[in-house]
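In what follows, a structure is listed as structure tokens, so that the remarks can point back to it.
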Amino acid sequence: MTAMPTVSVVIGTYNSARWLGATIDSVRRQTFQDWELVIVDDGSTDDTRRVVGGHADDPRIRYVLQTRAGRSAARNRGIAMSSGPLVAFLDADDLWRPEKLARQVATLAADPSAGLCYTAARFIDAAGRELLTRKPLRAVSGWILPRLMRGNVIILASVLVRRTCLEAVGAFEATLHACEDWDLWLRLARRYPVAVVDEELTLYRVHGDNTARAKVLEGGLRVVDRLYLESDMPRLAHLSRAAARARLYWYDAASMAAEDRSTAIGLAGRALRECPRTVASRPAAGALAALLLPSATLRAVRRLGVVLTTGR
């Protein structure tokens, strides 16, 4: 490829060969075709190289193998290896609908002030079936920092970001092993408006290999602590550090209520100790409702598609 592509697509992957082929196919099927794809293999021991080799007929696709360094380091290497003025991210198990890039490129062209554009997303299971029990996240746009501090509403695979904005705020924080995407969106949202294409053009796969809940909570708490080192954060986010941390505990308590009631109660207690006034918040309402229901009833309710963890 001689000319600089408009969009650089970056996939960091580790032992995800069973899904990677379909993910690459979803890039190749885009109606917007001016892209390059950089796949950074973070030390996989499965058939990842063979799967990528099946796409050797497309010169826009590049593959590099590195010693295991973590997904943030893999994505950052992909950013450094790529050249397009717009950068899109994909995890190796997620998918795009064919119009995804075209809609986003047009949206950013129409709004030069926006630093990034994301799309609505649909949740699917390991087999690609739609998960009716997972509601799509609510789309928000503009100066969304206050909303984003209350929980991450942006799926990584849905993002298209300007390279100049990435260079201004820095890429993924390599010391974070969970919530590193939320950390980056928060840094971007402090400086730039955010655009959205409110169509479900991204498919996010939920399966047993996704990051463990405990790591997500730990990562989220670290993200909050990092952001609140900036003295103006409470004013910008309309939220105190203690309240931001408490909300994470409430979310986790609601998620754990059906499987591990005692752990969920402990998490609710941590939330109250962090910031008692958050007991009146929507995340607390969802957690307390989940804790009041018998575990079997809660599992049945969730199978019917009712989600009690409101407020995201």
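Take 116 as the starting number for the sequence shown in this note's numbering and just add one per residue. Every residue gets a Cβ at the ideal spot worked out from N, C-alpha and C, and that includes glycine.
Exercise. Closest to A379 by CA distance: which of A132, Y366, G168 is it?
Worked result: For A379, the nearest C-alpha among the options comes from Y366.
Exercise. Under the rule that 16 or more other beta-carbon atoms within 10 Å means buried, what is L192, buried or exposed?
Worked result: Sequence inspection shows Arg at residue 192; the Leu mentioned does not correspond to that position. By the 10 Å Cβ count, R192 comes out buried.
Exercise. For the alpha helix (DSSP H) that contains Y364, what are its first and last residues?
Worked result: Annotation for Y364: the continuous alpha helix (DSSP H) segment containing it runs 356-371.
For this session: State the CB to CB distance for the pair G127 and R186, rounded to an integer number of angstroms; the pair is presumed to be in contact (CB under 8 Å).
Result: Contact between G127 and R186 is confirmed by a C-beta separation of about 5 Å, below the 8 Å threshold.
Exercise. So L299 packs on A207, CB below 8 Å; how close in whole Å?
Worked result: Actually they are not in contact, since the Cβ atoms of L299 and A207 sit about 19 Å apart, beyond 8 Å.
Exercise. Taking just the CA atoms, how far does G158 sit from T182?
Worked result: If you take the alpha carbons of T182 and G158, they lie about 5 Å apart.
Exercise. Would DSSP call A217 helix, strand or coil?
Worked result: Helix, per DSSP.
For this session: For S273, count neighbouring C-beta atoms within 10 Å of its own C-beta (all shown protein chains included) and say buried if the count is 16 or more, exposed if not.
Result: The residue in question, S273, is buried, as its Cβ has 16 or more Cβ neighbours within 10 Å.
Problem set entry | Terminal residues of the alpha helix (DSSP H) in which I194 lies | Residues 186-196.
Exercise. What is the rounded straight-line gap between the Cα of A361 and the Cα of S131?
Worked result: When rounded, the distance between both Cα atoms is 34 Å.
For this session: Using the Cα positions of A58 and C232, report the straight-line distance between them to the nearest angstrom.
Result: Residue 58 lies beyond the residue range present for the chain, which begins at 116 and ends at 427; the question has no answer from this structure.
Exercise. What did DSSP end up calling R212 once you bin it into helix, strand or coil?
Worked result: Secondary structure of R212 (DSSP, three-state): coil.
Exercise. Out of curiosity, what's the CA-to-CA distance linking H292 and F147?
Worked result: It is roughly 32 Å from the alpha-carbon of H292 to the alpha-carbon of F147.
For this session: Just mark A438 as buried or exposed, buried being the case when its beta carbon has 16 or more other beta carbons within 10 Å.
Result: Because the chain is modelled from 116 through 427, residue 438 falls outside the range shown and cannot be assessed.
For this session: Select from V122, A225, H170, V202 the residue whose C-alpha is nearest the C-alpha of E282.
Result: The candidate whose alpha carbon is nearest that of E282 is V202.
Problem set entry | Whole alpha helix (DSSP H) elements within the segment 326-358, 4-residue minimum | Segments of the alpha helix (DSSP H) lying fully in the segment 326-358: 328-342, 348-352.
Exercise. Quick one: is R330 buried, meaning 16 or more other Cβ sit within 10 Å of its Cβ, or exposed?
Worked result: First, the amino acid is wrong: residue 330 is Lys here, not Arg. Exposed, since its Cβ has fewer than 16 Cβ neighbours within 10 Å.
For this session: Determine the direct distance from the alpha carbon of L271 to that of R143, and round the result to whole angstroms.
Result: Roughly 19 Å between the two C-alpha positions.
Exercise. G136 by DSSP, collapsed to three states: which one?
Worked result: G136 falls in the helix class under three-state DSSP.
Exercise. Is the segment 301-318 close to the segment 211-223, with three or more CB pairs under 8 Å?
Worked result: As far as the Cβ criterion goes, the segment 301-318 touches the segment 211-223, which means the pair count is three or higher.
Exercise. In this structure, does DSSP put S123 in helix, strand or coil?
Worked result: The answer is strand: DSSP assigns S123 an E or B state.
Problem set entry | Terminal residues of the beta strand (DSSP E) in which C232 lies | Run containing C232: 231-239, per the beta strand (DSSP E) assignment.
Exercise. Are the Cβ atoms of F141 and L210 separated by less than 7 Å?
Worked result: Note on identity: in this sequence residue 141 is Ser, with Phe being the wrong assignment. It is a contact, given that the beta carbons lie within the stated cut-off.
Problem set entry | Sequence-distant residues of the same chain with beta carbon closer than 6 Å to G257, five excluded per side | Taking C-beta separations shorter than 6 Å and ignoring five residues to either side along the sequence, the partners of G257 in its chain run P308, following chain order.
For this session: Buried or exposed for T234, please, with buried defined as at least 16 other CB atoms from any protein chain shown within 10 angstroms of its CB.
Result: With 16 or more other Cβ atoms inside 10 Å of its own Cβ, T234 counts as buried.
Exercise. Measuring CA to CA, which of A289, L303, V125, R356 is closest to S198?
Worked result: Considering only alpha carbons, the answer is V125.
Problem set entry | C-beta atoms of A402 and A358 nearer than 7 Å | Not in contact: A402 and A358 (Cβ atoms no closer than 7 Å).
Exercise. Which residue from L152, D161, D172, L408 puts its Cα closest to that of M371?
Worked result: When the alpha-carbon of M371 is set against those of L152, D161, D172, L408, the nearest one is in L408.
For this session: Identify every residue that forms a DSSP beta bridge with T128.
Result: D156, per the DSSP bridge assignment.
For this session: Given a cut-off of 7 Å, decide if L303 and L342 are closer than it, judged by their beta-carbon atoms.
Result: Not a contact, by the Cβ cut-off of 7 Å.
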